[in-house]
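Reminder that position 52 of the sequence shown reads as 363 in this note's numbering, one-by-one numbering, no gaps. Backbone N, C-alpha and C fix where the C-beta goes; we use that ideal spot for every residue, glycine too. Inspection log for the structure reproduced underneath, given as structure tokens.
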Amino acid sequence: MKQSVYRLSRTIYLKRRLHLLITAGPTREPIDPVRFISNYSTGVLGYTLAKEAKKKGYKVTLISGITDLNPPPGVKFVLVNTASEMYKEVKKFFPSCNCLIMTAGVCDFQPVKVKREKIKKESLGNLVLRLKRTPDILYEMGKRKGRRTLIGFALETDNLLKNAKEKLRKKNLDLLVAQRLEKNKTPFGNTEVSVILIHKDGSFQKIPPCSKSRLAKIILGKIKFL
Ligand code: CTP
């Protein structure tokens, strides 16, 4: 009896000390003061993960692009706009985290030049934008991973397993949540998803269609901290 009370309080104590860093939502890459490049990410899975992780007793930091969602109570919340801002914030919190979960839809490209004035269509025929790469946040963190757990996401239109395994290896991840983009079925927002979990050792597990809340619980169950 005494021993199990000790084990329980040790688990609660350790969980409180464990810090989960979660990114969510889309980044926005400005073109001019009124326009930007972005993607369809809604932040639902990242915010759900943050909420479930908080319920489990972890310390949680949520770094998010702009979404329609409210941050879960008790979570440290950092709002960002661009991929570069997200990178800066991830670098700031990474040293103190035990696990990084990157659900964010980070834009891979940003305009080379951001116009200070609004681009006027009258002066142009077609508009040609020159874009440059943004930092690959997860790849950079993978290089300085240490003993941390790193979890990434991949949405692919084809060669799902091959591309996902390659991402897992390149970014030095422990787990990659891979999803196929299917015609007429959006994975964005509050929808059911069917994913494949790919582990570091190359083994994979197909998860039947489930809510994002269920998926968040499955992912958190994979984190072996204790
Ligand atoms: N990611 C990141 N920084 C980027 C792009 C992606 O940290 N600049 C993260 C995403 O949050 C995700 C994982 O890397 O967890 C895979 O993202 P994805 O867009 O599927 O892959 P990319 O590496 O961007 O490659 P590609 O778009 O060519 O498939």
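Heavy atom of the ligand CTP within 7 Å of I534 beta-carbon: Walking along the sequence shown from the start, residue 534 turns up at place 223. Incorrect: I534 has no Cβ contact closer than 7 Å to the ligand CTP.
Contact test: D447 Cβ vs the ligand CTP heavy atom, cutoff 7 Å: Taking the sequence shown and counting its residues from 1, the one referred to as residue 447 is at position 136. Checking the Cβ of D447 against the ligand CTP gives yes.
Near the ligand CTP: A527 beta-carbon under 7 Å from a heavy atom: Position 216 of the sequence shown, counted from the start, is the residue given in the question as residue 527. Outside the cutoff, so no.
Three-way DSSP call (helix, strand, coil) for F464 in this model: Against the sequence shown, residue 464 aligns to sequence position 153. Residue state, collapsed to three classes: strand.
DSSP three-state assignment for P520, whether helix, strand or coil: Counting from one through the sequence shown, the residue named residue 520 turns up at place 209. In the structure shown, P520 adopts extended strand secondary structure according to DSSP, grouped into three states.
Near the ligand CTP: D469 beta-carbon under 7 Å from a heavy atom: As a working note, residue 469 is residue 158 in the sequence shown. The answer is no for D469.
Chain-order list of residues whose beta-carbon lies under 6 Å from that of C408 (same chain, five-residue window excluded): For the purposes of this step, residue 408 is taken as the residue at position 97 of the sequence shown. Cβ neighbours of C408 beyond the five flanking positions: H330, L332.
Distance cut-off 7 Å: G463 Cβ against heavy atoms of the ligand CTP: For the purposes of this step, residue 463 is taken as the residue at position 152 of the sequence shown. Yes, since a heavy atom of the ligand CTP falls inside the 7 Å radius drawn around the Cβ of G463.
Alpha-carbon to alpha-carbon, L442 and S434: As a first step, residue 434 must be located in the sequence shown, where it is residue number 123. As a first step, residue 442 must be located in the sequence shown, where it is residue number 131. For S434 and L442, the distance between alpha carbons rounds to 21 Å.
Buried or exposed (CB count within 10 angstroms, at least 16 for buried), G336: Taking the sequence shown and counting its residues from 1, one reaches residue 336 at position 25. Buried, because 16 or more other Cβ atoms sit within 10 Å of the Cβ of G336.
Local Cβ density within 10 Å of K478, reported as buried at 16 or more and exposed below that: On the sequence shown, residue 478 is found 167 positions in, with the first residue counted as 1. By the 10 Å Cβ count, K478 comes out buried.
For T353: DSSP bridge partner residues: By one-based count along the sequence shown, residue 353 stands at place 42. None, per the DSSP bridge assignment.
Start and end residues, alpha helix (DSSP H) containing K403: The residue given as residue 403 occupies position 92 in the sequence shown. Start and end: 394–404.
Test item: CB-CB of K511 and D485 under 8 Å: Translated into the one-based positions of the sequence shown, residue 511 becomes position 200. Translated into the one-based positions of the sequence shown, residue 485 becomes position 174. Yes; because the gap between Cβ atoms is below 8 Å, this pair is in contact.
As assigned by DSSP and simplified to three states, the class of T530: By 1-based counting over the sequence shown, the position of residue 530 is 219. Per the sequence presented here, residue 530 reads as Ile, with Thr not at that position. Helix, per DSSP.
Beta-carbon contacts of P383 that lie in its chain and below 7 Å, excluding the five residues immediately before and after: Against the sequence shown, residue 383 aligns to sequence position 72. Within its own chain, the residues whose Cβ lies closer than 7 Å to the Cβ of P383, once the five positions on either side in sequence are excluded, are Y358, A361, K362, K365, listed in chain order.
Sub-8 Å separation of T414 and L487 beta-carbons: Position 103 of the sequence shown, counting from 1, holds the residue named residue 414. Position 176 of the sequence shown, counting from 1, holds the residue named residue 487. Taking C-beta atoms as the reference points, T414 and L487 fail to come closer than 8 Å.
Distance cut-off 7 Å: L373 Cβ against heavy atoms of the ligand CTP: Walking along the sequence shown from the start, residue 373 turns up at place 62. No, the beta carbon of L373 sits no closer than 7 Å to any heavy atom of the ligand CTP.
Any non-hydrogen atom of the ligand CTP within 7 Å of D485 CB: Indexing the sequence shown from 1 puts residue 485 at position 174. Result no, Cβ not under 7 Å from the ligand CTP.
Among V439, N437, R339, the one whose alpha carbon lies nearest that of Y398: By 1-based counting over the sequence shown, the position of residue 398 is 87. The shortest Cα separation from Y398 among V439, N437, R339 belongs to R339.
Alpha-carbon spacing of V345 relative to F499, whole angstroms: Taking the first residue of the sequence shown as position 1, residue 345 is located at position 34. Taking the first residue of the sequence shown as position 1, residue 499 is located at position 188. Distance between the alpha carbons of V345 and F499 is about 24 Å.
Other residues of its chain near Y450: CB distance less than 7 Å, five sequence neighbours each side excluded: Here residue 450 corresponds to residue number 139 of the sequence shown, with the count starting at 1. Only K481, K482 meet the Cβ criterion.
C-alpha gap between N501 and E493, whole angstroms: Numbered from its first residue, the sequence shown carries residue 501 at position 190. Numbered from its first residue, the sequence shown carries residue 493 at position 182. Spanning the two alpha carbons is a distance of roughly 16 Å.
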